[in-house]
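**Q** First residue of the sequence shown? That's 513 in this note's numbering, and the numbers climb one at a time after it.
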Amino acid sequence: MRRRAALALPALLLARPAGAVALPTSGLTQGGFVTGRVAPGTKLALDGRALRIGPGGEYAFGFGRDHGPEAVLSVTPPGGHPAAQRLAITKRRWNIQRLEGLPGAMVTPPPEIMARITREREQLAALRRQDTAETFFAAGLIWPAHGRISGVYGSQRILNGEPRAPHLGLDVAVPVGTPLRAAAAGHVVLAEELYFTGDTIILDHGHGVQTLYAHMSRLDVAPGQRIAAGAHLGASGATGRVTGPHLHFGLTWFATRLDPQPVLPAVQG
């Protein structure tokens with residue numbers, strides 16, 4: 513049985529005597545999500561981007577599917593001087609999936625649909641720029657639904673013989689109408705129907721960390737609501753571009769799409 517993966521994949525960045533800081537040494541991979549705590553007053557920057565530090569020293573960052581072999585983490589302890597450290601990022605191998613027989617309009621949307629698709633992409637990009645002060649992400653994630661894993665992060669789908677963008681989430685095969693729950697506490701920032709993902713909910717968990725729930729049949733929350741971990745969100749479905757009923761579950765750090773599966777409990781329950 514796979515060991516349960518903690519939300520913090522590598523070693524935590526924890527303050528040591530004399531202002532020294534322990535840096536991540538393992539678990540840094542393409543698609544990886546990293547979170548932990550440092551001494552309040554510590555400053556962190558990843559590849560030149562300053563990270564928000566919570567009141568208890570909480571932080572989060574992640575690496576995209578195609579991230580290069582290393583990243584640079586700058587750490588400035590309280591009252592100390594910045595020190596840059598190079599982090600080795602493990603390269604992963606991805607599955608390739610081929611799907612045939614899809615309706616042509618869903619594989620290549622007609623021109624009259626492209627304006628809507630562009631508008632929705634801009635809307636999602638704006639939501640993913642949010643950098644709120646909450647630290648709900650620090651409590652970890654739970655499974656939003658229980659079922660067979662039907663799609664994994666990083667796989668590339670070839671639709672009707674045409675290569676498409678990689679799959680950047682986790683698919684859980686569940687019947688239409690299956691209750692879905694929040695993977696962590698947060699605020700609802702989107703609850704509406706989108707062209708590709710159908711009825712969709714996005715929760716903001718702070719520091720740029722968000723989760724997405726797609727292809728739903730019913731939305732039972734509204735933007736602005738605060739949601740507890742495990743709270744009811746709605747029901748699964750087969751809306752949007754799908755080949756069957758399932759939940760597409762996404763995890764992002766700002767615009768970077770991450771792999772949710774390693775940071776979920778090893779056993780659905």
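We treat Cβ as the ideally placed atom computed from N, Cα and C, and that holds for glycine.
Please report the distance separating the alpha-carbon of alanine 532 from that of glycine 720.
**A** In this prediction, alanine 532 has a pLDDT of 46, which is less than 50 and means its spatial position is unreliable; what the coordinates show is noted afterwards. Their Cα atoms are separated by approximately 27 Å.
**Q** By Cβ distance below 8 Å, which residues in the same chain neighbour proline 581 in space, the five residues on each side in sequence not counted?
**A** So the list reads Ala600, Ile601, Lys603, once near-sequence residues are dropped.
**Q** Are the CB atoms of proline 772 and leucine 763 within a distance shorter than 7 Å?
**A** Yes; because the gap between Cβ atoms is below 7 Å, this pair is in contact.
**Q** Using the C-alpha atoms, what's the distance from phenylalanine 708 back to isoleucine 625?
**A** Roughly 11 Å separates the two Cα atoms.
**Q** Applying the 10 Å Cβ sphere with the 16-neighbour rule, what's the burial state of aspartate 711?
**A** Label assigned to aspartate 711: buried.
**Q** Would you identify the three-state DSSP class for alanine 778, choosing helix, strand or coil?
**A** Coil.
**Q** Determine the DSSP secondary structure at arginine 769, reduced to helix, strand or coil.
**A** DSSP places arginine 769 in strand when its eight states are reduced to three.
**Q** When the distance is taken between beta carbons, is arginine 693 closer than 7 Å to histidine 744?
**A** Result yes, Cβ atoms of histidine 744 and arginine 693 sit closer than 7 Å.
**Q** Just to confirm, is the Cβ distance from glycine 569 to alanine 551 under 7 Å?
**A** Taking 7 Å as the Cβ cut-off, glycine 569 and alanine 551 qualify as a contacting pair.
**Q** Could you check what DSSP says for glutamate 674 in three-state terms: helix, strand or coil?
**A** Three-state DSSP puts glutamate 674 in a strand.
**Q** Determine which residues share a DSSP beta bridge with proline 691 and list them.
**A** DSSP, once it has assigned bridges, lists Ala747 as partnering proline 691.
**Q** Would you kindly check if the distance between the Cβ of arginine 730 and the Cβ of alanine 747 is under 7 Å?
**A** Yes, they are a contact pair.
**Q** Tell me the rounded alpha-carbon separation between alanine 696 and leucine 715.
**A** Distance between the alpha carbons of alanine 696 and leucine 715: 8 Å.
**Q** In the DSSP assignment, what are the bridge partners of lysine 555?
**A** In the DSSP output, where bridge partners are listed per residue, lysine 555 has Thr588.
**Q** Could you give the DSSP three-state label for isoleucine 565: helix, strand or coil?
**A** It is coil, neither helix nor strand.
**Q** Can you have a look at valine 546 and say buried or exposed, based on whether 16 or more other CB atoms are within 10 angstroms of its CB?
**A** Counting Cβ neighbours within 10 Å, valine 546 comes out buried, since at least 16 surround it.
**Q** Could you give the uninterrupted runs of the beta strand (DSSP E) lying entirely in the region 619–681, keeping only those of 3 residues or more?
**A** Taking only runs of at least 3 residues, the beta strand (DSSP E) segments lying wholly in the region 619–681 are 660–663, 668–671, 674–678.
**Q** Smallest Cα separation from glutamine 542: which of Arg564, Arg577, Thr751?
**A** When only C-alpha atoms are compared, the closest one is Arg577.
**Q** My output table needs one value for leucine 540: the three-state DSSP class, helix, strand or coil.
**A** Coil, per DSSP.
**Q** Check arginine 598 in the structure and name its three-state DSSP category.
**A** Of the three classes helix, strand and coil, the one that applies to arginine 598 here is strand, per DSSP.
**Q** In the DSSP assignment, find the beta strand (DSSP E) that holds threonine 712 and state where it starts and stops.
**A** It spans 710–716 - the beta strand (DSSP E) in which threonine 712 sits, taken as one unbroken run.
**Q** Starting from the C-beta of arginine 598, find all residues in its chain whose C-beta is less than 7 Å away, skip the five residues before and the five after it, and write them out in chain order.
**A** So the list reads Glu582, Val584, once near-sequence residues are dropped.
**Q** According to DSSP, is arginine 549 part of a helix, a strand, or is it coil?
**A** Strand at arginine 549.
**Q** For histidine 699, name the three-state secondary structure that DSSP assigns.
**A** Here histidine 699 sits in strand by DSSP.
**Q** Would you check if the distance between the CB atom of histidine 727 and the CB atom of valine 684 is smaller than 7 Å?
**A** Going by C-beta atoms, histidine 727 is not nearer than 7 Å to valine 684.
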